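>
Numbering (UniProt numbering), first residue to last: 1 to 89.
#1: Rank 8, 20, 15, 45 by C-alpha distance to the C-alpha of residue 26 and give the top, closest one.
#2: Quick one: Cα of residue 37 to Cα of residue 1, how far?
#3: When DSSP builds the beta bridges, which residues end up paired with residue 32?
#4: If you count every other CB in all the chains shown that lies within 10 Å of the CB of residue 47, and 16 or more means buried, which is it?
#5: Tell me, please, whether the CB atom of residue 31 is closer than 9 Å to any CB atom in chain C?
#6: When burial is assigned at 16 or more other CB atoms within 10 Å of the CB, is residue 35 buried or exposed?
#7: Starting from residue 19, follow the alpha helix (DSSP H) in both directions and report where the run begins and ends.
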């Protein structure tokens with residue numbers, strides 16, 4: 001059965017990526033693009049992953065491995081400086 005009709009991704013494919021270590025919809029998206037177009041399949045992907053099957057430690061390790069940024073470390077991309085109105089002169 002298709003999970004993502006935008007990219008033709010099946011339940012079997014999502015389960016295979018999960019077996020290979022994908023714990024989150026974002027990791028599934030990185031592996032096969034499912035969930036990156038209309039987003040209609042994200043809840044189904046969450047259900048197939050069985051929310052909570054991965055421990056927080058596994059998720060943090062996967063983040064570090066995929067981005068090279070340790071969990072909790074600030075990212076250099078996609079952030080904005082913390083500026084308050086009282087700081088502006």
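Beta carbons: idealized from backbone N, C-alpha and C, even for Gly. Quick caveat, the model's predicted, so the values are computed rather than measured.
For this structure:
#1: 45
#2: Distance from the CA of residue 37 to the CA of residue 1, rounded to the nearest whole angstrom, comes to 18 Å.
#3: By DSSP's assignment, residue 32 forms no beta bridge with any residue.
#4: Its Cβ having fewer than 16 others within 10 Å, residue 47 is exposed.
#5: Absent from the structure: chain C. Only one protein chain is present.
#6: Flag for residue 35 reads buried.
#7: 11-19
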